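Enquirer: The structure that follows is given in the form of structure tokens.
Right, dumping it as structure tokens:
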């Protein structure tokens, strides 16, 4: 069994800084062709060191500890990041770290009572508020169709991908109120097929009206 060259966070952190990993994204390290880079990032995830290592590839101007201790600063930063990434809901710590927002993740955990409480401060009661709406099949089908168009998806992805992209409320609603993803995908295909037929019929009707107008 091969032993890891990094037995402590300090060793792991120093190696990462020496090799400029703070300027890289976790994704690029995971997909690297170099074994040592993949080993380094896996070690960080396994030992839960990722939150304490600041990846600056998206945040070149590192913010101070006092900045992150301020609740309003952290809320404003979270909302800005959500807007930048088109996230409806603040994702979990692993996603934030993977996307280069480890400082935000650490601040939420260390200074602001964790993700559950912080999401409440953000006003993230969408799932609770919209329970009635999420139960409505027509609403959720229409909403899902908009999501597919926005993300340029041909097919509804898995629950994990939806959550990663910020659609965790949609993912949970499908599972809780609409049986399962396979069943919902069938209904979605039928709905989108009917929608296209209606659109085509509407266009044909407009074309016929235009032709009649030209003939008169």
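Residue numbers (the numbering used here): 2 to 217. C-beta atoms are modelled at their ideal positions from N, C-alpha and C, and glycine is treated no differently. The model shown is predicted, which means the values in this text are computed figures rather than measured ones.
To the nearest angstrom, how far is the alpha carbon of residue 179 from that of residue 13?
Expert: If I take the Cα positions, the gap works out to 45 Å.
Enquirer: Ignore the nearest five residues each way along the sequence and tell me which others in residue 88's own chain have a CB closer than 7 Å to its CB.
Expert: For residue 88, where only same-chain residues beyond five positions count, the Cβ hits under 7 Å are 167.
Enquirer: Roughly how many angstroms lie between the CA atoms of residue 144 and residue 187, to the nearest whole one?
Expert: Spanning the two alpha carbons is a distance of roughly 16 Å.
Enquirer: Cα-Cα, which of 165, 84, 68, 17 is closest to residue 123?
Expert: Looking at the Cα atoms, 84 is the closest of the given residues.
Enquirer: In its own chain, which residues sit with a C-beta less than 8 Å from the C-beta of residue 155, not counting the 5 before and 5 after it?
Expert: Only 149 meet the Cβ criterion.
Enquirer: Comparing C-alpha positions only, which one of 138, 140, 181, 28 sits nearest to residue 159?
Expert: Of 138, 140, 181, 28, the residue nearest in Cα terms is 181.
Enquirer: Note the first and the last residue of the continuous alpha helix (DSSP H) segment covering residue 147.
Expert: Looking at the DSSP string, the run of the alpha helix (DSSP H) that includes residue 147 is 138-152.
Enquirer: Compare the beta carbon distance of residue 138 and residue 53 with 8 Å and say whether it is the shorter of the two.
Expert: Not closer than 8 Å, so no.
Enquirer: Quick one: using the 10 Å Cβ neighbour count with 16 as the cut-off for buried, is residue 117 buried or exposed?
Expert: It is exposed - the Cβ of residue 117 has fewer than 16 other Cβ atoms within 10 Å.
Enquirer: Tell me the rounded alpha-carbon separation between residue 98 and residue 78.
Expert: Computed Cα separation, rounded: 15 Å.
Enquirer: Please list, in chain order, all residues of the same chain as residue 152 whose beta carbon is under 6 Å from its beta carbon, the five residues on each side excluded.
Expert: Hits under 6 Å: none found.
Enquirer: Where does residue 100 land, buried or exposed, given buried means 16+ other C-beta within 10 angstroms?
Expert: So residue 100 ends up on the buried side.
Enquirer: Is the beta carbon of residue 189 sitting closer than 8 Å to the one on residue 163?
Expert: No, these two residues do not count as a Cβ contact at 8 Å.
Enquirer: On a Cα-Cα basis, can you pick out the residue from 45, 161, 142 that is closest to residue 7?
Expert: Among 45, 161, 142, the Cα nearest to that of residue 7 is on 45.
Enquirer: Are the Cβ atoms of residue 92 and residue 165 separated by less than 8 Å?
Expert: Yes, these two residues count as a Cβ contact at 8 Å.
Enquirer: Under a Cβ-count criterion, where at least 16 other Cβ atoms within 10 Å of its own Cβ denotes burial, should residue 119 be classed as buried or exposed?
Expert: Its Cβ being crowded by 16 or more others within 10 Å, residue 119 is buried.
Enquirer: Please list the terminal residues of the continuous alpha helix (DSSP H) segment that includes residue 80.
Expert: 72-86 is the span of the alpha helix (DSSP H), which, as asked, contains residue 80.
Enquirer: What separation, rounded to the nearest whole angstrom, lies between the Cα atoms of residue 135 and residue 141?
Expert: Distance between the alpha carbons of residue 135 and residue 141: 6 Å.
Enquirer: With a Cβ-Cβ cutoff of 8 Å, do residue 56 and residue 27 count as a contact?
Expert: Contact: yes.
Enquirer: Tell me whether residue 38 counts as near the ligand NAD, meaning its Cβ is closer than 7 Å to at least one heavy atom of that ligand.
Expert: This structure lacks the ligand NAD, and indeed carries no ligand of any kind.
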